[in-house]
Amino acid sequence: MTDLDNELAAAWDEAPPAVRDAIFRIAVLSRIERHRFRRRMAALLTTGFAAYVIAAALAPQLNSTVAGMSENSVLTLVGLAFVVSTGWGLSRAFRIKLR
Amino acid sequence: MRDDDETALVRQSAAGSEAAFAALVDRHQRAVRTFLRRICHDREEAEDLAQETFLTAWSTLRRFKGNSALRTWLFAIAWRKARNARRGWFRGRARDHAWAERQELERTINAGQEEAISVRRAVASLPLEQRAALALCLGGEFSHTEAADVLGIPLGTVKSHVKRGRSKLKDMLGGDR
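Chains A and B, in that order, give the protein sequences. Heads up: the first sequence begins at 4 in our numbering, then just goes up one per residue. Heads up: the second sequence begins at 1010 in our numbering, then just goes up one per residue.
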C-alpha cells in the first residue's frame, strides 16, 4: 500500500467498530422483531377489513335469514362467528398452530 | 472450514434460526459498519444503515443462492441502502448534517486531529461512487472484481473510480504534507 493508502486507512478507521459487539447484535435482532410485529399487525388488520367487507356484502342475505331466527340463536351465531374469526385471524398473524 | 460453517449458518438462518443469524451478524458486522462509516456523512447514519442492512439480509436470506460470497452480498445490500439514503439526505437532512459536522469538527480539533479532518474532508468531497470504490479497494479486503459485484458496476468503472479518487485525494492533500 502507498503512503496515501495508509493515511486514508488510518483516518477512515480511527475508531473502528469492535470485533464483537453485543449491543449492535441486539439492536439488529430488536429491529427484526419490530419488523415482524409490524407485518403481523398489518396482516391482522387486512384480515379484519376483508372480513368486514365480506360481511357487509352478505348483509342483505344475512338479514333475511336472521329475521326468521330467535334472539338467542342470533346471539349464539354472532358469538360463534366472532370467536372463529378472531381465532383464525390471530393464528394467521402469529402463526399459531391450532389443533 | 469457515466457509462450511458459514454455509451451515446461512442455511439455518434462512430456516428461521435467530441464533444462527446472530452468529452471522457477529462475523460480518465490523466489516459492514466500517464500510458504511467510510462512505456516509455521519456515524449515526452509518449505524442505522448497518442495522437496516442486516434486517434486509434476514428478510431476503432465502433468495441468497450462494453465487457470490455472503460478504459480497451483504456489502451490496449496504451499498444500496447508502445510495438510497443519499436521496433522502438531499431531501432535507442537509441542516442535520451541517450540525453534526460542526460537532465533529469541534471534537476532532480539541483532540488535536487536524490531519484526520483534512483527510476526511477530502474524502467527503468525492462523489459517493468514488468514495465507495475507494472504501472497498483501498485498505479494505475487496479486489476490483469483488468491488464491481458489490457496487453493481463494470470492472473498468471500478478501476476508473479508484484511480480518479486516488488522484483527486492526492491533489487535495498534497498541500498538507
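Every residue gets a Cβ at the ideal spot worked out from N, C-alpha and C, and that includes glycine.
Put simply, the CB of F1151/B is far from chain A, with every gap to its CB atoms at 8 Å or more. Within the stretch 1059-1071 of chain B, A1059, Q1060, E1061, F1063, L1064, W1067, S1068 place their CB atoms closer than 8 Å to a CB of chain A, listed in sequence order. The beta carbon of K1177/B is closer than 7 Å to those of L1135 in its chain, skipping five residues each way along the sequence. Residues of the same chain with a CB within less than 6 Å of the CB of L1070/B, apart from the 5 flanking positions on each side, are S1022, A1023 in chain order.
Annotation: the continuous alpha helix (DSSP H) that includes C1146/B extends over 1137-1146. The continuous alpha helix (DSSP H) containing S1068/B extends over residues 1052-1069. Using a 10 angstroms sphere on the CB of W1088/B, the tally of other CB atoms reaches 16 or more, which defines it as buried. Around the CB of K1074/B, fewer than 16 other CB atoms lie within 10 Å, so the residue is classed as exposed. Note on geometry: alpha-carbon atoms of R1173/B and H38/A lie some 40 Å from one another. In the DSSP assignment, M1181/B falls within the unbroken alpha helix (DSSP H) covering 1164-1182. Contact annotation: in the stretch 1031-1051 of chain B, residues whose CB is within less than 8 Å of a CB in chain A are A1031, V1034, D1035, Q1038, R1039, R1042, T1043, R1046, R1047. Put simply, of T68/A, G51/A, L78/A, A70/A the residue whose alpha carbon is nearest the alpha carbon of S94/A is G51/A. Secondary structure at E1150/B: coil, using DSSP grouped into helix, strand and coil. Less than 8 Å divides the Cβ of A1144/B from the Cβ of R1047/B.
V1159/B is the residue among V1159/B, L1018/B, S1127/B whose C-alpha sits nearest the C-alpha of E1138/B. Out of F1151/B, R1039/B, A1066/B, the CA that lies nearest to the CA of R34/A is found in A1066/B. When Cβ-Cβ separations below 8 Å define contact, V1128/B makes contact with chain A.
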